[in-house]
Amino acid sequence: MPSIHTHTYTFSSPERLLTPFVPVILSHYTGHFKAMVSKPQNVFVLRDVMANGYRMGGGTKFFGSKSTTGTPFEKIRADLQYRLMNPEDITDEAPSLLAFPMLTSQYDDGHMDTVMSVTSRLLPWETGTKNEHKSFPGGENMFKFYNEKIGLRQVHFGEDIRAAENMDYISQVC
Amino acid sequence: MLERFTQVGEFYVMTCPENVKTGAFDFMDILIYDEEKDRHVKIGFRRALLATGMFTESTTAGDLDLVVTTYGDNTDMDAAGTKLSSWKTNAKALEEASRGGTVPSADAKSASLVLARPFIEHAMLSAVMAVSGGDTGATVFGPSDMQISVRVASIVRRLPVTSLVLTLHSPFVRRRTPRSRQSKGTFAFNTHTYIHIFLP
Chain A
0 MPSIHTHTYT FSSPERLLTP FVPVILSHYT GHFKAMVSKP QNVFVLRDVM
50 ANGYRMGGGT KFFGSKSTTG TPFEKIRADL QYRLMNPEDI TDEAPSLLAF
100 PMLTSQYDDG HMDTVMSVTS RLLPWETGTK NEHKSFPGGE NMFKFYNEKI
150 GLRQVHFGED IRAAENMDYI SQVC
Chain B
0 MLERFTQVGE FYVMTCPENV KTGAFDFMDI LIYDEEKDRH VKIGFRRALL
50 ATGMFTESTT AGDLDLVVTT YGDNTDMDAA GTKLSSWKTN AKALEEASRG
100 GTVPSADAKS ASLVLARPFI EHAMLSAVMA VSGGDTGATV FGPSDMQISV
150 RVASIVRRLP VTSLVLTLHS PFVRRRTPRS RQSKGTFAFN THTYIHIFLP
């Protein structure tokens with residue numbers, strides 16, 4: 000809801016300029032407006048129809064290559080945490096890639112030919128009685144292993160789910 | 000247009016080709032696009048194996064053989080009970096075959112690798128299209144408020160410097176502007192006449 004504020008300063012004569020004090024008229028206007036759609040069929044939202052610039056995450060550096068101390072998994076975890084905690088830091092080329100072991104048979108079975116989830120969220124067709132990460136390289140056991148070692152669950156920490164569902168926009172241009 | 004930052008992810012699978020012949024090198028490497036550099040970059044299988052955390056580099060100078068770690072060796076990777084330790088052995092053999100130009104064994108070919116790029120972020124533009132007219136909807140006005148007040152404020156603090164100088168030189172001011180300090184240059188041009196012309 001927009002809010003409009005107007006400030007106006009007035010001086011009646013040149014003599015007023017010489018006086019130490021002058022009256023200042025201040026006005027504030029606040030209005031509340033809301034667009035109500037009564038026929039949603041008449042409104043069409045074109046989400047993400049055009050790219051307006053690259054930000055980060057499309058490089059070829061591996062997570063774990065930036066940190067210098069710790070075990071291999073501690074380095075990957077540290078790089079992942081830095082990436083998630085500093086989303087505005089684009090001063091340096093940030094790591095972008097994760098690597099996971101996989102058996103060729105899993106690829107041949109068709110579990111890896113469309114989509115995979117590297118986080119704690121399951122794919123729609125994975126939810127059920129077992130709730131297993133069949134699409135993760137190595138399956139559920141390997142997801143648990145990597146989740147414990149590098150903290151894959153943290154990927155969604157701090158996410159504003161309501162904003163994502165409501166398609167909230169960060170800024171307006173043009 | 001509306002703008003927001005959107006993340007997408009993608010993954011690549013590194014599997015062994017079917018018909019590897021003797022003398023073929025680096026057959027496990029792939030070429031992917033690097034948006035940071037705006038060019039394609041070669042991802043070596045050895046480098047990718049190191050990034051899994053399951054291997055470390057040899058401490059011996061010049062030794063390219065990977066050192067296998069023991070992390071999660073007993074983890075099952077499929078329903079048949081294939082252990083992670085077995086994958087490590089096969090992946091190491093596959094890397095050595097790729098580096099040495101030899102034909103990998105069937106067991107070595109069972110090791111694959113997945114590269115995931117989970118946080119590719121772009122500024123994306125969106126748009127909303129609607130049919131014009133009252134049939135679609137309306138803009139509803141809620142409560143509004145207008146406040147007007149008069150406040151006394153000091154003019155001297157609000158005036159810019161140029162206005163302040165103008166005020167001092169105006170006829171309403173009786174005090175004269177003090178003379179500037181004479182410089183060596185002004186002495187050379189009969190300074191008294193020169194200065195008085197510009198004094199108010």
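One line per chain: the protein sequences are A and B, in this order. According to numbering that gives the first Met the number 0, numbering within the first sequence proceeds without interruption in unit steps and concludes at 173. According to numbering that gives the first Met the number 0, numbering within the second sequence proceeds without interruption in unit steps and concludes at 199. All C-beta atoms, glycine included, are put in the ideal place defined by N, C-alpha and C.
Secondary structure note for residue 108 of chain B: its alpha helix (DSSP H) is the uninterrupted segment 105–108. About 15 Å separates the beta carbon of residue 135 of chain A from that of residue 104 of chain A, a gap too long to meet the 8 Å contact definition. In the structure shown, residue 44 of chain B falls within a helical segment according to DSSP collapsed to helix, strand and coil.
Look at the beta carbons and you see the segment 72–88 of chain A not touching the segment 72–82 of chain B: under three pairs across the two are nearer than 8 Å.
Taking a 10 Å sphere around the C-beta of residue 55 of chain A, we find 16 or more other C-beta atoms and assign the residue as buried. DSSP, read as helix, strand or coil, puts residue 107 of chain A in helix. Residue 72 of chain A belongs to the set of residues whose beta carbon lies under 8 Å from a beta carbon in chain B. Between residue 55 of chain B and residue 74 of chain B, the C-beta spacing is not below 8 Å. Residue range 29–33 is occupied by the beta strand (DSSP E) that includes residue 32 of chain B. Here the segment 134–150 of chain B makes no contact with the segment 42–50 of chain B; the two share fewer than three CB pairs at distances below 8 Å. For residue 119 of chain B, the closest Cβ of chain A is nearer than 8 Å.
Taking C-beta atoms as the reference points, residue 1 of chain B and residue 131 of chain B fail to come closer than 8 Å. Counting along the chain, the unbroken beta strand (DSSP E) around residue 8 of chain B starts and ends at 1–13. About 6 Å separates the Cβ atoms of residue 12 of chain B and residue 111 of chain B, confirming a contact at the 8 Å cut-off. In the structure shown, residue 154 of chain A falls within a helical segment according to DSSP collapsed to helix, strand and coil. Under the Cβ distance rule, residue 136 of chain B counts among the residues neighbouring chain A, one pair being separated by less than 8 Å. Residue contact with chain A for residue 27 of chain B: absent (no Cβ-Cβ distance below 8 Å to any residue of chain A). When DSSP assignments are scanned along the segment 40–97 of chain A, the uninterrupted stretches of alpha helix (DSSP H) that are 4 or more residues long and fall wholly within it turn out to be 71–84. By the C-beta density criterion, residue 139 of chain B is exposed, having fewer than 16 other C-beta atoms within 10 angstroms. Taking all protein chains shown into account, residue 124 of chain A has fewer than 16 neighbouring C-beta atoms within 10 Å of its C-beta and is therefore exposed. In the structure shown, residue 116 of chain B adopts extended strand secondary structure according to DSSP, grouped into three states. Inter-residue distance for residue 17 of chain B and residue 151 of chain A is about 33 Å (C-alpha atoms, whole angstroms).
When DSSP states are grouped into helix, strand and coil, residue 50 of chain B belongs to the helix group. Interface criterion not met: the Cβ of residue 84 of chain A is under 8 Å from no Cβ in chain B. Distances from the CA of residue 37 of chain A to each of B:32, B:59, B:8 and B:134 were compared; the closest alpha carbon is that of B:134. Where residue 137 of chain B is concerned, the enclosing beta strand (DSSP E) starts and stops at 136–140.
The alpha carbon of residue 49 of chain A has as its nearest neighbour, out of B:143, B:122 and B:127, the alpha carbon of B:122. Under the 8 Å criterion on CB atoms, residue 68 of chain A is classed as non-interfacial with respect to chain B.
Cβ proximity to chain A below 7 Å picks out 31, 33, 34, 35, 40, 42, 47, 50, 51, 52, 53 and 55 from the segment 28–60 of chain B. Proximity of residue 123 of chain A to chain B, defined by a Cβ-Cβ separation below 8 Å, is not satisfied. Counting only residues of its own chain and dropping the five nearest sequence neighbours on each side, residue 109 of chain B has a CB closer than 6 Å to the CB of 89. In the DSSP assignment, residue 82 of chain B forms a beta bridge with B:75.
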